[in-house]
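Enquirer:
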Amino acid sequence: MSLKKIFAGISVIAVIFLAVLILRMAVKPSLTVKSVELTDVTPLGEAHYPGIKILFKTDKYPVKFYLLTPEGEVMDSYKAELPEEVAYLTIGNPYENVIGSREYVIKAFIGNEEVLKREIEVKGLSGSIRILGVKVSITEGRITEPEIEKILIEVENTGDVPLYIVSPSLLSSSSPLSIDGHPCLFKSPKEVIMPGSREKIELPIPPEDLEKSHTFTISVPGVGNASYTTEPLRPEVRIDRVELRYETFVGGWVLDNITMTIRNTEAYPISLYRFKVYADDRYLELCYISPYEHSSENVNPGEEKTVTIECGSLSESMENKPSIVRVKLYGTEAVYRVP
Numbered sequence: 069m070s071l072k073k074i075f076a077g078i079s080v081i082a083v084i085f086l087a088v089l090i091l092r093m094a095v096k097p098s099l100t101v102k103s104v105e106l107t108d109v110t111p112l113g114e115a116h117y118p119g120i121k122i123l124f125k126t127d128k129y130p131v132k133f134y135l136l137t138p139e140g141e142v143m144d145s146y147k148a149e150l151p152e153e154v155a156y157l158t159i160g161n162p163y164e165n166v167i168g169s170r171e172y173v174i175k176a177f178i179g180n181e182e183v184l185k186r187e188i189e190v191k192g193l194s195g196s197i198r199i200l201g202v203k204v205s206i207t208e209g210r211i212t213e214p215e216i217e218k219i220l221i222e223v224e225n226t227g228d229v230p231l232y233i234v235s236p237s238l239l240s241s242s243s244p245l246s247i248d249g250h251p252c253l254f255k256s257p258k259e260v261i262m263p264g265s266r267e268k269i270e271l272p273i274p275p276e277d278l279e280k281s282h283t284f285t286i287s288v289p290g291v292g293n294a295s296y297t298t299e300p301l302r303p304e305v306r307i308d309r310v311e312l313r314y315e316t317f318v319g320g321w322v323l324d325n326i327t328m329t330i331r332n333t334e335a336y337p338i339s340l341y342r343f344k345v346y347a348d349d350r351y352l353e354l355c356y357i358s359p360y361e362h363s364s365e366n367v368n369p370g371e372e373k374t375v376t377i378e379c380g381s382l383s384e385s386m387e388n389k390p391s392i393v394r395v396k397l398y399g400t401e402a403v404y405r406v407p
C-alpha cells in the first residue's frame, strides 16, 4: 500500500473523529424529569428529613442538583452519578415538621450547562390529632397490678409535607407528649405520616399506675393539640371495724387495727399494697396488712376479701382521739366515724 493511500485513510478517520467531536459538543445535554415529589427522605440512611424526590433520566452525567431559595441561597445539593436515578434534596432538619408555606428553586447542571430550573411551592403541614384511649397491661413482680403502658393516637396529615411523631433523644420541653404536665420520652413505632394519610399509632410510654387520674397531652405544631384524662380504679371498700386504745406510756391514742372488706368491681386485679390510712387528717405511714406477707396480695376482678390492717405503732400515737378513720385504696376512700 502506498504512503499516499495510508495518509488518505488517516485523514478520513481524523475528519470523521473531528466531526463526531464537534457534533457531540454542539448537542446540548438532555435531562428528562419524570416526577418531582415532596416526601420523606433518608439521605444518610437513618435519620428522616422532609425533602424533595426527583426522578429523572439523562444522556450525560454526572448531574449536580441544587435547592435554592428565591434569593439564590443554596439550601442543599445532590450529585447523581447514573443516567437514570433519583435525586434527594432536603428542605429541613431531621424530623422537622415544616410549618407554613415556603418557596424554592431547583436547578440542575451537567458540567457548566444548566439543564433544569423549576420553582417549587411548599404549603406546609396541616392535619389533625386526637388521643383515642390508653392500653393497660398487668405488671408481674413483687406487686402485680395494672399499669398504663401505651396511649393510642390517631393522626391525619392533610398537608403536602411529611408529619413526624418523634420524641427528642433527651428529655426536654420540646417533647410533643406530656403526662400530667411533664414532658415524656417515647419511641413511636411509626414516626412518619405521609401527606394524605391517616394512621392509628400506639405510643409506648413509661408505666403509669391507676391509683390516680392522669392527663395525657400531645401537641404537634401545625396540626393541633389533644388531651385525654384517665380515671383511677375505684374498687368497693368498706371499713368493718376500728380498734383504738389509749396508751398511758406515751400519753396518747393508738390506732391498733382496722378490719376492712374489698370487692374488686374493676376489670383488672388490684394490689392491697396501695392502701393508705388516715386518722382525721393525719397519714399513718407505718400501717401494714397482717400478716405482712399478705401486703402484696391482689384482689382479682369480681373477688371479695376481708383483711386486717395493723397500725399499732407507738411512734404514731395521737394526743386526741380521732373522730374519723379513712382508708384510701386507688380512687376509693372509705370513711369510718369513731363512736
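Residue numbers for the sequence shown, in the numbering used here: 69 to 407. Cβ coordinates follow ideal geometry from the N, Cα and C atoms, glycine included.
Cβ of VAL406 within 8 Å of Cβ of SER391?
Expert: Yes, these two residues count as a Cβ contact at 8 Å.
Enquirer: In chain order, what residues of the same chain have a beta carbon less than 7 Å from the beta carbon of LEU239, not counting five sequence neighbours either side?
Expert: For LEU239, the pLDDT reaches just 44, beneath the cut-off of 50, and the residue's location in the model is therefore unreliable, leaving the point undetermined.
Enquirer: Report the rounded CA-to-CA distance for CYS379 versus LEU193, giving the unit in angstroms.
Expert: Their Cα atoms are separated by approximately 59 Å.
Enquirer: Restricting to runs no shorter than 4 residues, where is the alpha helix (DSSP H) found entirely within the segment 282-309?
Expert: Runs found: none.
Enquirer: Tell me whether LEU382 sits in a helix, a strand or coil according to DSSP, three-state version.
Expert: Correct three-state label for LEU382: helix.
Enquirer: Can you give the Cα-Cα distance for ALA347 and PHE284, rounded to whole angstroms?
Expert: Spanning the two alpha carbons is a distance of roughly 33 Å.
Enquirer: Take the Cβ of SER295 as the centre, count every other Cβ of all protein chains shown within 10 Å, and call the residue buried at 16 or more, exposed below.
Expert: SER295 should be labelled exposed.
Enquirer: Could you tell me which residues DSSP puts in a beta bridge with TYR163?
Expert: Looking at the DSSP assignment, TYR163 forms no beta bridge with any residue, so it has no partner.
Enquirer: Enumerate in chain order the residues of its own chain whose CB-to-CB distance from ASN388 is below 6 Å, with the five nearest sequence positions on each side excluded.
Expert: Around ASN388: no qualifying Cβ.
Enquirer: For SER265 versus ASN225, is the C-beta distance shorter than 8 Å?
Expert: Going by C-beta atoms, SER265 is nearer than 8 Å to ASN225.
Enquirer: By Cβ distance, which residues of its chain are closer than 8 Å to LEU312, with the 5 residues on each side in sequence left out?
Expert: Once the five neighbours on either side are set aside, the close Cβ partners of LEU312 are TRP321, VAL322, LEU323, ASP324, LYS389, PRO390 and VAL406.
Enquirer: Considering only their Cβ atoms, is the gap separating LYS121 from VAL109 smaller than 8 Å?
Expert: Result yes, Cβ atoms of VAL109 and LYS121 sit closer than 8 Å.
Enquirer: Rounded to whole angstroms, what is the Cα-Cα separation between LEU106 and THR298?
Expert: Rounded to the nearest angstrom, the two C-alpha atoms are 38 Å apart.
Enquirer: Alpha carbons only, please: which of GLY201, GLU141 and TYR356 is nearest the one belonging to TYR172?
Expert: Answer by Cα proximity: GLU141.
Enquirer: In this structure, does DSSP put TYR351 in helix, strand or coil?
Expert: Three-state DSSP puts TYR351 in a strand.
Enquirer: Quick check on the DSSP output: the beta strand (DSSP E) that includes ASP127 runs from which residue to which?
Expert: Note, ASP127: premise wrong, no beta strand (DSSP E); not H, not E.
Enquirer: Measure how close the beta-carbons of ILE326 and LEU271 come, nearest whole angstrom, since I'm counting them as under 8 Å.
Expert: With 8 Å as the limit, ILE326 and LEU271 do not qualify as a contact, their Cβ atoms being about 40 Å apart.
Enquirer: Whole angstroms are fine: how far does the CA of LYS132 sit from the CA of ASN433?
Expert: Outside the displayed range of the chain (69 to 407) lies residue 433, so it cannot be described from this structure.
Enquirer: So for TYR336, helix, strand or coil by DSSP?
Expert: The answer is coil: DSSP assigns TYR336 none of H, G, I, E or B.
Enquirer: Taking just the CA atoms, how far does VAL104 sit from LEU135?
Expert: Distance between the alpha carbons of LEU135 and VAL104: 13 Å.
Enquirer: So VAL223 and GLY195 are supposed to be a Cβ contact under 8 Å. How far apart are they, rounded?
Expert: Sure, about 7 Å apart at Cβ, within 8 Å.
Enquirer: Quick check: what's the CA-CA separation for ILE18 versus GLU153?
Expert: A query on residue 18 cannot be resolved here, the shown segment of the chain reaching from 69 to 407 and no further.
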